[in-house]
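In the working numbering, the protein residues as written are 39 to 215.
Note that CB positions come from ideal geometry on N, CA and C, so glycine has one too.
Report on the following structure.
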């Protein structure tokens, strides 16, 4: 006896729009909490931080194709986030008065204050690991020449010591949902 033949299912090609939405959803899942921790560290207000992150992802939703076509989508997204935060509340350090370029401040904040590993810091910023290491070393050299009263303690070293999670630790941040 012949068994009934099963129709083979052919995979339908995924639409470009569906793929873009899927990749944005994955990107959102991967970076949302870290973006929130960074925004909170910059703004110090959960409501404003949450709004900045949501605004950044809304901008990314409308510009996702451009982000994907860019050389580094994570760097593109990081700049969108930084722009949204700056519109909300700029750095407390006046423009031109900081001993560090913005990228060095970001590395210090992500790695020293939020205690993200350096490779995760680099991935969030959309830069290579060695570039993050170079930014960190440059900042450390600049810090060594500053009087202790000038810089916050977290700039000088892991004051929220590794192994002792602090309020800003990436692993212990309050979810933004």
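Asked	Found
Which same chain residues end up closer than 8 Å to residue 113 when comparing Cβ atoms and leaving out the 5 residues on each side of it in sequence?	163, 164, 165
Quick one: what does DSSP say residue 88 is sitting in, helix, strand or coil?	helix
What distance in whole Å lies between the Cβ atoms of residue 154 and residue 72, which are believed to be in contact at a cut-off of 8 Å?	7 Å
By Cβ distance below 7 Å, which residues in the same chain neighbour residue 98 in space, the five residues on each side in sequence not counted?	62, 105, 115, 118
Can you give me the C-alpha to C-alpha distance between residue 64 and residue 181, rounded to a whole angstrom?	37 Å
Of the residues 57, 68, 56, which one's Cα is nearest the Cα of residue 161?	68
Please classify residue 213 as buried or exposed, where buried requires at least 16 other C-beta atoms within 10 Å of its C-beta.	Reliability fails at residue 213, whose pLDDT of 41 lies under 50, so the model's placement of it is uncertain and no value is given.
What does the alpha-carbon distance come out to for the pair residue 87 and residue 126?	9 Å
How about residue 90 and residue 82: do their beta carbons lie closer than 8 Å?	no
Which of the three DSSP states, helix, strand or coil, is assigned to residue 164?	coil
Looking only at C-alpha atoms, which of 156, 103, 95, 146 sits nearest to residue 54?	103
Please report the Cβ distance between residue 156 and residue 79, rounded to the nearest whole angstrom; I am assuming they are in contact, meaning their Cβ atoms lie under 8 Å.	Not confirmed; about 17 Å, so no contact.
Quick check: the Cα distance between residue 108 and residue 101, rounded to an integer number of angstroms?	11 Å
If you measure from the CB of residue 78, is any heavy atom of the ligand NAP nearer than 7 Å?	Of the ligands one can find in the structure shown there are none, so the ligand NAP has no counterpart to examine.
Roughly how many whole angstroms lie between the Cα atoms of residue 111 and residue 177?	25 Å
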